[in-house]
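Contents: one structure, followed by commentary.
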Amino acid sequence: MKTIKGQMFKKFFGIFLVLFIFANSLPTASATAEDKKVQRGEVHALWAHPPDVGMTAESVRAFVAQCKRAHIDVIVMDVKDSIGALYWKSKRFPQAIAKGYENFDMLEHLVRESHAVGIKVDAWLVDYMEGANGAAFREHPEWAQLNPDGETTLSEKLGKKNPYPYVWMCPARRPGYTDQWLIPLYEEIVANYKVDSVHHDYVRYMGDVAPEGYCFCDYCLKHIPRHAMLSYETRPEERYRVKPGQPRIEANWWSDPTMLPADWDKRDRREKADYILNGSTIPGGPADMRYFFYDYRTHQIEKFVRETTEAVKRINPKVGVSAAVFKNPITSARFIGQHWDQWIPWIDVYMPMTYRSHFAGSFESYLDHLTESTERQMEWIRRGRPLYAGIASNYLYREEYQPFDDMRDRIGEFQALPVADTKGRAEKANAIKAAYETMRQRLTQFAPEREREIGSLVNTVTVNDGRSTTPAQLDELAKKIAAFRVDPPKEFFPAEKLKRSIEAARKAKPDGIIIFAGGSLTREKLWQVLEEEFKD
Ligand SMILES: [Zn+2]
51 MKTIKGQMFK KFFGIFLVLF IFANSLPTAS ATAEDKKVQR GEVHALWAHP PDVGMTAESV
111 RAFVAQCKRA HIDVIVMDVK DSIGALYWKS KRFPQAIAKG YENFDMLEHL VRESHAVGIK
171 VDAWLVDYME GANGAAFREH PEWAQLNPDG ETTLSEKLGK KNPYPYVWMC PARRPGYTDQ
231 WLIPLYEEIV ANYKVDSVHH DYVRYMGDVA PEGYCFCDYC LKHIPRHAML SYETRPEERY
291 RVKPGQPRIE ANWWSDPTML PADWDKRDRR EKADYILNGS TIPGGPADMR YFFYDYRTHQ
351 IEKFVRETTE AVKRINPKVG VSAAVFKNPI TSARFIGQHW DQWIPWIDVY MPMTYRSHFA
411 GSFESYLDHL TESTERQMEW IRRGRPLYAG IASNYLYREE YQPFDDMRDR IGEFQALPVA
471 DTKGRAEKAN AIKAAYETMR QRLTQFAPER EREIGSLVNT VTVNDGRSTT PAQLDELAKK
531 IAAFRVDPPK EFFPAEKLKR SIEAARKAKP DGIIIFAGGS LTREKLWQVL EEEFKD
């Protein structure tokens, strides 16, 4: 009975809330622009990269004007990129300033131009990723994360064969990257620029490439067992065995056995890592040690989020903290240490990247899953903070991009084949033809001249089963394909897909919508969609 009553209350409260929001969304004659935005109940934001705004005062102004026409309220601008380069005139870390930006303070220009037209700026930092030649790793290789073999993330592979180009830094180590480099970067921005908020990205472990691999640096090997208090630091020589009172051996966990093996200090990195990933806390019990590994990682990321917010608010309590997070905080906690639903005390706005690239199904399935995921995200944080649904425009066009990628890949494979391999060449020639067929109709419709041009090149490289095809011909086709990809004709990427995605996110009634990213809107020629969809 109590439960039913509770449900009834929730239901009525829900209806009341909807009516309340609806009543609030009706515009009044006296409303200012700012009021209107609040009443609309939907903030519009955009992720953008330095190349989007250019390197002159005029180009920054032009970009901001484009954002204004698209009714963008917040620009989330990348100011520390994935190789650790900075896009402001850092006094503390001048050695990390991006090449070419030594005399152009992009952040300063952007903040000034944006504020002049009433747009807010979030300074977006890629947190734990650095470049192999970046200043942080060059000066402090000891701050990098290590795998059980004692190697950095540079030893990983992207896909089957490409070397992984980024260095992930250890979030846990103190003193280390977190307290000596990353948090000071946040502090410098807030102290010197009038940004409205700072913005976390890559606020996690590198789990997408090696979910179980990191970090096993010396600091972490010591602190993972310490985090879980698997042994006592007082009377370390006293070790206790499990008292088998209950028949299920793990049910005796509370009898206080010493969980860290007696020979721990004598084990090498690989043995310690193996125990942390595969050991049993209770001898004879389940292999549950890695629970503490996951808990340690989520704890380290949460600690960093808390410390950053405390540092930022100490300098200026009015500056906000927002974060780009993966779509599901529960699976993210396990795979990348990102238990973001637990960061409510330190995050002012959540911006989950609910991109189509993180969903397996068709475009139509994505629309439903986007609504469902956004609803669940707000449920996970119990609506304790504003949440903006993050949509990546480029990933919406999987079907449209696929034939280009297929052609590019097949051309590459063709180029690698010896002239004598007639069977292999015929196979690649036919695959190129087939990929081209899947895009030919759209090309004819939106760019008939380019269809003729690309079509005739496809004929040249595929005629006669590719027996007489030359590397120069393949190169020319590859170049044409690449050029088309960066500058497709208008409407080649259907505006409908972005519109329907925004509508799908809206069904969940998020506090805002954020689009990734400025550059892809330009490339795919989709600014018009925002100009219409984001109009009050
Ligand atoms: Zn570490």
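Taking our numbering, the leading residue of the sequence shown gets 51, the next gets one more, and so forth. All residues carry an ideal CB built from backbone N, CA and C; glycine is no exception.
For residue i and residue j, which I take to be in contact (beta-carbon distance under 8 Å), what is that distance rounded to the nearest angstrom?
{"i": "T421", "j": "A554", "result": "5 Å"}
{"i": "L232", "j": "D177", "result": "6 Å"}
{"i": "C267", "j": "R223", "result": "6 Å"}
{"i": "H159", "j": "V129", "result": "That pair is no contact at about 12 Å."}
{"i": "A120", "j": "F584", "result": "6 Å"}
{"i": "D246", "j": "K363", "result": "In fact, because the Cβ distance is near 14 Å, the residues do not count as touching under 8 Å."}
{"i": "S132", "j": "M179", "result": "5 Å"}
{"i": "I531", "j": "R448", "result": "17 Å between Cβ atoms; not a contact."}
{"i": "V161", "j": "V114", "result": "Actually they are not in contact, since the Cβ atoms of V161 and V114 sit about 10 Å apart, beyond 8 Å."}
{"i": "A146", "j": "A185", "result": "4 Å"}
{"i": "Y214", "j": "E206", "result": "4 Å"}
{"i": "Y243", "j": "W138", "result": "7 Å"}
{"i": "H250", "j": "A373", "result": "4 Å"}
{"i": "A361", "j": "Y236", "result": "6 Å"}
{"i": "L157", "j": "A148", "result": "At roughly 11 Å, the Cβ-Cβ gap does not stay under 8 Å, so L157 and A148 are not in contact."}
{"i": "G569", "j": "P101", "result": "6 Å"}
When you compare the CB positions of residue i and residue j, do they come within less than 7 Å of one another, or not?
{"i": "I564", "j": "Y438", "result": "yes"}
{"i": "S663", "j": "L327", "result": "Outside the displayed span of the chain (51 to 586) sits residue 663, for which this structure offers no information."}
{"i": "L548", "j": "S443", "result": "yes"}
{"i": "I125", "j": "Y255", "result": "no"}
{"i": "R492", "j": "L446", "result": "no"}
{"i": "F376", "j": "Q392", "result": "no"}
{"i": "Q427", "j": "P468", "result": "no"}
{"i": "I397", "j": "S551", "result": "no"}
{"i": "P395", "j": "W430", "result": "no"}
{"i": "V240", "j": "V369", "result": "yes"}
{"i": "E300", "j": "I351", "result": "no"}
{"i": "M489", "j": "P453", "result": "yes"}
{"i": "V217", "j": "T203", "result": "yes"}
{"i": "T359", "j": "A558", "result": "no"}
{"i": "P221", "j": "A323", "result": "no"}
{"i": "V371", "j": "V248", "result": "yes"}
{"i": "I122", "j": "H94", "result": "yes"}
{"i": "E238", "j": "R142", "result": "yes"}
{"i": "A528", "j": "I482", "result": "no"}
{"i": "P275", "j": "V292", "result": "no"}
{"i": "G516", "j": "A479", "result": "yes"}
{"i": "M219", "j": "F154", "result": "no"}
{"i": "A278", "j": "F342", "result": "yes"}
{"i": "A312", "j": "R289", "result": "yes"}
{"i": "V399", "j": "P436", "result": "yes"}
{"i": "E503", "j": "T494", "result": "no"}
{"i": "G134", "j": "G181", "result": "yes"}
Give me whichever residues DSSP pairs with residue i in a beta bridge.
{"i": "L580", "result": "Note: L580 sits in no beta bridge, so no partner."}
{"i": "G440", "result": "M403, I564"}
{"i": "I147", "result": "L136"}
{"i": "A107", "result": "Partner(s): none; A107 has no beta bridge."}
{"i": "M127", "result": "A98, A173"}
{"i": "V93", "result": "G562"}
{"i": "M179", "result": "W218"}
{"i": "A194", "result": "M219"}
Using a Cβ-based criterion (distance less than 6 Å to any ligand heavy atom), does residue i qualify as near ligand 2?
{"i": "D268", "result": "The ligand content of the structure shown is limited to ligand 1, which means ligand 2 is not among them."}
Taking any heavy atom of ligand 1 as the mark, which residues have a C-beta closer than 6 Å to it, listed down the chain? Spelled out in chain order, the answer is Q195, C220, A222, R223, C265, C267, Y269, C270.
Give the list of continuous alpha helix (DSSP H) stretches no shorter than 4 residues that lie fully inside the segment 372 to 404. Look at the segment 372 to 404 and you find these whole runs of alpha helix (DSSP H), each 4 residues long or longer: 379 to 386.
Continuous beta strand (DSSP E) assignments of at least 3 residues falling wholly in the segment 197 to 254: 216 to 218, 247 to 251, all fully within the segment 197 to 254.
Secondary structure, alpha helix (DSSP H): runs of 4+ residues fully inside the segment 456 to 521: The qualifying runs are 472 to 496, 498 to 512.
Segments assigned beta strand (DSSP E), at least 3 residues, entirely inside the segment 349 to 375: DSSP runs (the beta strand (DSSP E)) wholly in the segment 349 to 375: 370 to 375.
Ranges of the alpha helix (DSSP H) found wholly within the segment 245 to 326, counting only runs of at least 4: Listed in chain order, the complete alpha helix (DSSP H) runs (minimum 4 residues) inside the segment 245 to 326 are 268 to 277.
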